[in-house]
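What follows is a short report on a single structure.
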Amino acid sequence: MLGAIRIDFTNLKRARRQDYAIRFLSGGVITMSAGFIAKHGGSSQGGLFLAFPAILPAAATLIAKHECEEKTRKGLQGEKRGRIAAALDTRGAALGSAAMLAFAAVAWWSLPRLSPAAAVLTPTAIWAMVAVGAWVLRKKLGCGGRRRM
Amino acid sequence: MVSLFSFIGEIVEPKSFAGLFGAAPSIALASLGLTIVSRGAANAAIECRSMLIGAVAFGCYSATVTRLLARWRMPAMRAAIGALGVWFAVAYGLWFLVLD
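Chains as they are written, first to last, in the working numbering: chain A, 3 to 151; chain B, 319 to 418.
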């Protein structure tokens, strides 16, 4: 099942510098905003923004744009393919939110109990395990995929 | 940290797997270190408790965008930006109900 996962560096060639700049900026702005809200509105409110979709809107938009351009060049229905590619990405993110939930729960538990390094590394490892596990489980159960779109 | 997860999400395939990195706790990892150093682990733990609610809102946001794209055939940018309202509504709605 994990054999379906591959690394494709050609995707990097499709992205322009400004695409990376948009993602970098949106991530930076949200990180600073979370800090600002935590400082002025309290940690409880600021914590909400630790799970703000900072890179997903830019990523989904750029995936749709690149896929559309590529398919249109080949004479295919670019707009539709772009939408499907973006929807697959956001569907993966919806699954990933369960892993994000696990990260937050484990970090909440571990921060007062473990050393700072362990309290950050432990939830990160749990996030990776839950994310990959959920993706594999969904593949095994056969739910989702392009044919439902 | 945000750029690192964005980079990984860019190079891995298939798209549904790459999407997992769109929900990576990149902002949390960047912010928690700073919070621990500046305001202590107790405050960082309070932020993580709220992050639980934020993660639920994130799941609702992602599911909404997927639906807008797949069923309603909405352009990606309009769907991704428009659905941010879902994140704010769920996050602040639950926060007022549970934590405020």
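A virtual CB, placed ideally from N, CA and C, is assigned to each residue, including glycine.
Here the structure is a predicted model, which is why all the values come from computation and not from measurement.
- Task: Could you tell me whether any Cβ in chain A is nearer than 8 Å to the Cβ of residue 416 (chain B)?
- Result: In the second sequence, counting from the first residue as 1, residue 416 (chain B) sits at position 98. Taking 8 Å as the threshold, the shortest C-beta distance from residue 416 (chain B) to chain A does not fall below it.
- Item | Span separating the alpha-carbon of residue 116 (chain A) from that of residue 82 (chain A) | Here residue 116 (chain A) is taken as the residue at index 114 of the first sequence, counted from 1. Here residue 82 (chain A) is taken as the residue at index 80 of the first sequence, counted from 1. The alpha-carbon atoms of residue 116 (chain A) and residue 82 (chain A) are separated by roughly 49 Å.
- Message: Below 7 Å on C-beta distance, what does residue 124 (chain A) contact in chain B?
- Response: The residue you call residue 124 (chain A) lines up with position 122 of the first sequence. None at all; the shortest Cβ gap to chain B is about 12 Å.
- Item | Where the stretch 85–105 of chain A meets chain B: residues whose CB sits under 9 Å from a CB there | When CB distances to chain B are screened at a threshold of 9 Å, the residues of the stretch 85–105 of chain A falling below it are 85, 86, 87, 88, 89, 90, 91, 92, 93, 94, 95, 96, 97, 98, 99, 100, 101, 102, 103, 104 and 105, in chain order.
- Message: Which complete alpha helix (DSSP H) runs does the stretch 48–94 of chain A hold, if anything under 4 residues is left out?
- Response: If we require 4 residues or more, the alpha helix (DSSP H) runs fully inside the stretch 48–94 of chain A come out as 58–75.
- Message: In this structure, how does DSSP classify residue 24 (chain A) when only helix, strand and coil are distinguished?
- Response: Residue mapping note: residue 24 (chain A) aligns to position 22 of the first sequence, counting from 1. Three-state DSSP puts residue 24 (chain A) in a helix.
- Query: residue 57 (chain A) and residue 19 (chain A): beta carbons closer than 8 Å?
  - Reply: Here residue 57 (chain A) corresponds to residue number 55 of the first sequence, with the count starting at 1. Here residue 19 (chain A) corresponds to residue number 17 of the first sequence, with the count starting at 1. The answer is no: Cβ separation not under 8 Å.
- Query: Anyone know if the C-beta pair for residue 74 (chain A) and residue 387 (chain B) falls short of 8 Å?
  - Reply: The residue labelled residue 74 (chain A) in the question sits at position 72 within the first sequence. The residue labelled residue 387 (chain B) in the question sits at position 69 within the second sequence. No.
- Query: What are the start and end residues of the alpha helix (DSSP H) that includes residue 360 (chain B)?
  - Reply: Indexing the second sequence from 1 puts residue 360 (chain B) at position 42. Taken as a continuous stretch (DSSP letters only), the alpha helix (DSSP H) holding residue 360 (chain B) covers 359–388.
- Message: For residue 149 (chain A) and residue 392 (chain B), I'd like the C-alpha separation in whole angstroms.
- Response: Taking the first residue of the first sequence as position 1, residue 149 (chain A) is located at position 147. Taking the first residue of the second sequence as position 1, residue 392 (chain B) is located at position 74. Low confidence applies to residue 149 (chain A): its pLDDT is 49, below 50, so where it sits in the model is not reliable, and the reading given next is rough at best. One alpha carbon belongs to residue 149 (chain A), the other to residue 392 (chain B), and they sit about 18 Å apart.
- Stretch pair the stretch 92–112 of chain A + the stretch 367–387 of chain B: three plus CB contacts closer than 8 Å: The stretch 92–112 of chain A vs the stretch 367–387 of chain B: in contact.
- Could you give the distance in angstroms between the alpha-carbon of residue 369 (chain B) and the alpha-carbon of residue 110 (chain A)? The sequence position of residue 369 (chain B) within the second sequence is 51, counting from 1. The sequence position of residue 110 (chain A) within the first sequence is 108, counting from 1. Going by the C-alpha atoms only, they are around 9 Å apart.
- Quick one: measure Cβ to Cβ for residue 348 (chain B) and residue 118 (chain A), integer angstroms, because I've assumed they're closer than 8 Å. Counting from 1 along the second sequence, the entry for residue 348 (chain B) is found at position 30. Counting from 1 along the first sequence, the entry for residue 118 (chain A) is found at position 116. With a Cβ gap of about 14 Å, residue 348 (chain B) and residue 118 (chain A) do not count as contacting.
- Range of the contiguous alpha helix (DSSP H) that encloses residue 396 (chain B): Counting from 1 along the second sequence, the entry for residue 396 (chain B) is found at position 78. Membership of residue 396 (chain B) in the alpha helix (DSSP H) is indicated by the continuous run 394–400.
- Message: Below 8 Å on the Cβ atoms is my contact criterion, and I expect residue 341 (chain B) with residue 63 (chain A) to pass it. Report the Cβ-Cβ distance as a whole number of Å.
- Response: As a working note, residue 341 (chain B) is residue 23 in the second sequence. As a working note, residue 63 (chain A) is residue 61 in the first sequence. That pair is no contact at about 16 Å.
- Euclidean distance between Cα positions of residue 47 (chain A) and residue 40 (chain A): Here residue 47 (chain A) corresponds to residue number 45 of the first sequence, with the count starting at 1. Here residue 40 (chain A) corresponds to residue number 38 of the first sequence, with the count starting at 1. C-alpha separation (whole angstroms): 6 Å.
- Message: Let me confirm a value: residue 105 (chain A) is counted as buried when at least 16 other C-beta atoms fall within 10 Å, else exposed. Which label applies?
- Response: In the first sequence, residue 105 (chain A) corresponds to position 103, counting from 1. Here residue 105 (chain A) is buried, its C-beta having at least 16 other C-beta atoms within 10 Å.
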